[in-house]
DNA sequence: TTAATTTGCTAAACCGGTTTATAATAATTA
DNA sequence: TAATTATTATAAACCGGTTTAGCAAATTAA
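Right under this line is the structure:
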């Protein structure tokens with residue numbers, strides 16, 4: 020590694036043009052009619068001296084960096100951390116490295132980060148978009164840079180994406196609660212108008228309507244901290260003592276909701292059933308264990324990488340949209356009245 | 020962004036040498052005695068056309084990429100995901116981006132990944148080293164590349180690192196358990212000889228010895244899956260019915276241990292107290308809440324970045340070693356006999 | 001035997017910056 | 001007035017690869 024060899028050094032050492040060496044390195048020896056003899060001489064030298072071409076120089080001339088930009092809401096959140104793990108593993112197999120950042124769902128910050136990643140010439144983007152970055156995404160696409168959104172997308176313009184079937188999975192989960200004889204089912208969500216959230220809500224509302232039940236929705240402000248959220252849910256429970264079940268639209272809300280339920284002295288599932296959106300290690304361990312709508316994380320990661328690799332390796336951009344089904348994992352928190 | 024401007028284009032447009040433009044761009048206008056007049060003309064042009072220098076070209080000639088390689092055991096683990104979050108946030112402020120990977124604690128894989136990151140010219144490394152990569156670390160250091168280890172380090176050779184006070188924090192936690200009148204305290208650990216683990220064990224054994232109590236250690240193989248681990252702990256509990264308390268050396272072991280305790284029909288803290296190493300959202304929410312040795316994650320991230328930035332910005336390499344104290348967060352799982 | 005083609009290889013331009021060494025002019029000094 | 005020094009700017013080399021265009025020699029075809 021010390022005093023690294025360059026292609027020029029090799030050219031000098033072997034008294035050969037660096038063009039020739041470049042051709043051989045890139046497997047174009049035959050195509051460019053370099054003789055077997057010379058090819059072997061060069062390869063031998065390269066092996067003996069453990070020559071590794073400078074990737075920066077390569078990137079500068081080819082424009083490819085073999086880097087993917089992964090922009091998630093918050094890398095430390097369970098769901099995104101899992102995605103990051105699988106995405107990296109899969110990308111690695113194809114020689115790609117991942118550079119990541121947390122958008123914090125902040126529009127301005129995200130715009131800046133997209134610029135920074137683009138400046139670093141990432142070959143493709145995986146993004147969980149906050150609201151208001153349609154223009155920046157459009158710019159990337161117009162510049163022919165592959166982008167695939169995930170977890171959510173823009174309904175008003177066409178991009179590649181990988182998302183869960185938020186509507187269907189919530190709809191089914193609510194219907195399941197109803198089969199367990201729950202009627203007063205509340206929906207606890209974050210104050211967000213992004214489509215992954217609105218779809219979950221739509222699933223809830225439709226399931227309730229079709230069963231002639233009344234919707235009851237609690238919206239938690241984004242700016243809430245943990246304590247505030249717990250308080251808010253606690254007082255919601257106090258104001259709605261007739262509730263049979265709660266559906267939490269994210270796993271962090273579930274965590275806080277559990278605390279609130281505990282604060283109110285209620286027992287799950289005896290007094291109230293709960294269902295979480297997004298699974299978590301925690302939910303399996305907790306007593307009672309928590310029924311959850313589980314996103315197929317590994318499959319989503321695979322789809323993301325497939326779409327991206329496909330797009331990055333071809334000259335033509337394509338739009339690919341995958342809606343993957345979730346799985347309702349039944350556990351103890353919904354066994355009240357079966 | 021389309022058809023990006025280069026410094027050459029600007030030179031041509033303004034009829035100025037690109038040397039001049041480069042100087043101005045890098046704030047060397049005064050030093051290089053470029054006239055105010057010309058400087059302003061160039062700056063105006065740059066602003067009007069939103070010129071952004073090509074980072075690849077810059078990196079190629081300067082050798083700096085403003086990229087940090089973050090190599091953790093598994094990016095999706097709670098602790099590492101948190102570290103990743105804070106490290107990125109701090110790095111960002113100084114213009115650095117993070118490229119990450121999961122080593123899976125696999126020596127061979129890690130060696131390969133170090134090479135790949137080095138090939139990409141990361142400016143510095145943050146590594147949770149598996150065993151047996153001393154040579155590779157040494158190589159990096161000899162090549163003058165800043166490296167800082169964290170979570171664990173090599174006792175037999177000198178590097179920068181940021182770790183927790185594993186010995187002291189475990190020692191204190193065990194002593195705390197003893198003050199709550201626990202005597203039969205078992206230590207549940209992963210089968211690992213890395214120093215973060217051996218130090219925790221040393222803290223446990225010493226605390227036990229000093230109080231004339233008998234150590235009781237359960238080692239869980241690395242290869243175990245979740246189910247096997249739960250079974251193993253369950254049968255350990257069956258074989259040791261006299262136990263007062265369990266100390267879990269990692270937070271995943273705690274999760275599985277809780278399930279095992281539940282399987283045995285034991286109540287925390289009534290029948291048995293538990294303490295977890297590494298805190299987790301979960302532990303605060305769980306009923307009963309779980310006492311934990313909490314690593315000061317944000318502080319560790321800050322130290323990591325400080326050491327690295329410091330080292331990357333100077334010509335000279337330094338060795339800096341930080342042992343940060345942990346905090347024992349008392350919760351309900353250890354209130355049995357106070 | 002000559003023209004055309006194939007084989008084998010390379011010079012030079014290019015990607016887009018940084019940096020060293022130096023030139024041309026203006027202003028001071030002796 | 002001539003020599004010296006400051007000021008302002010630049011040409012060219014460099015980082016380390018890729019790629020285009022083309023040359024010379026060997027082979028084949030006419």
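Chains as they are written, first to last, in my numbering: chain A, 20 to 357; chain B, 20 to 357.
Glycine included, each C-beta is placed from N, C-alpha and C at the ideal position.
- Between residue 208/A and residue 171/A the beta-carbon gap is near 14 Å, outside 8 Å, which marks them as no contact.
- Interface annotation, residue 267/A: not in contact with chain B, CB-CB separation never under 8 Å.
- Residue 72/A is positioned such that its CB atom lies closer than 8 Å to that of residue 26/A.
- In the three-state scheme derived from DSSP, where H, G and I count as helix and E and B as strand, residue 208/A is classed as strand.
- Interface residue (Cβ-Cβ distance to chain A less than 8 Å): residue 78/B is classified as such.
- For residue 296/A, the uninterrupted beta strand (DSSP E) run begins and ends at 292 to 296, by DSSP.
- CA-CA distance, residue 42/B to residue 267/A, rounds to 57 Å.
- For residue 340/A, the uninterrupted beta strand (DSSP E) run begins and ends at 340 to 343, by DSSP.
- If the five residues before and after residue 129/B are omitted, its C-beta is found closer than 6 Å to the C-beta atoms of 122, 149 and 152, all from its own chain and listed in chain order.
- Straight-line spacing of the CA atoms in residue 240/A and residue 35/B works out to 55 Å.
- If you ignore the 5 residues before and after residue 336/B, its C-beta comes within less than 8 Å of the C-beta of 160, 163, 165 and 330, all in its own chain and listed in chain order.
- Against residue 187/A, chain B offers no close residue; the least beta-carbon distance is about 26 Å (beta-carbon pairs closer than 9 Å).
- The Cβ of residue 291/A sits no closer than 8 Å to any Cβ of chain B.
- Closest in C-alpha terms to residue 277/B, from the list 352/A, 87/A, 334/A and 308/A, comes 308/A.
- Here residue 281/A is not near residue 252/A, since their CB atoms are 8 Å or more apart.
- Just so you know, the alpha carbons of residue 244/A and residue 312/B end up roughly 23 Å apart.
- In this structure, residue 315/A and residue 346/A form a Cβ contact; the two beta carbons are roughly 7 Å apart against a cut-off of 8 Å.
- Among the residues facing chain A, residue 300/B is included, as its CB has a counterpart in that chain under 8 Å away.
- Setting aside the 5 residues that flank it on each side, residue 328/B is surrounded in the same chain by 113, each with a C-beta closer than 7 Å to its C-beta; the list follows chain order.
- Taking 8 Å as the cut-off, the beta carbon of residue 181/B is found closer than this to the beta carbon of residue 319/B.
- The way I'd put it, the stretch 221 to 238 of chain A does touch the stretch 183 to 200 of chain A; three or more beta-carbon pairs between them come closer than 8 Å.
- By the CB criterion at 8 Å, residue 292/A and residue 242/A fall outside the cutoff.
- For residue 53/B, there is no enclosing beta strand (DSSP E), as DSSP marks it with neither H nor E.
- Put simply, the CB of residue 120/B is near chain A, with a gap under 8 Å to one of its CB atoms.
- Closer than 8 Å to the CB of residue 352/A there is not a single CB belonging to chain B.
- Residues of chain A with a Cβ closer than 7 Å to the Cβ of residue 103/B are, in chain order, 94 and 95.
- Residues of the stretch 306 to 332 of chain B with a C-beta atom less than 7 Å from some C-beta of chain A are 306, listed in chain order.
- According to the DSSP assignment, residue 143/A belongs to the beta strand (DSSP E) that extends over 143 to 146.
- Residue 310/B: member of the beta strand (DSSP E) spanning 310 to 313, first to last residue.
- Rounded to the nearest angstrom, the gap between the Cα atoms of residue 167/A and residue 111/A is 18 Å.
- Cβ contact annotation for residue 88/B (same chain, cutoff 6 Å, sequence separation greater than five): 118, 136, 141 and 144, in chain order.
- Collapsing the DSSP output to three states places residue 84/A in coil.
- Counting only the Cα atoms, residue 214/A lies some 25 Å from residue 231/A.
- Against chain A, the beta carbon of residue 283/B has no neighbour under 9 Å; the closest one sits roughly 13 Å away.
- Straight across, the Cα-Cα distance linking residue 287/B with residue 333/A is about 58 Å.
- In the DSSP assignment, residue 179/A is bridged to 167/A.
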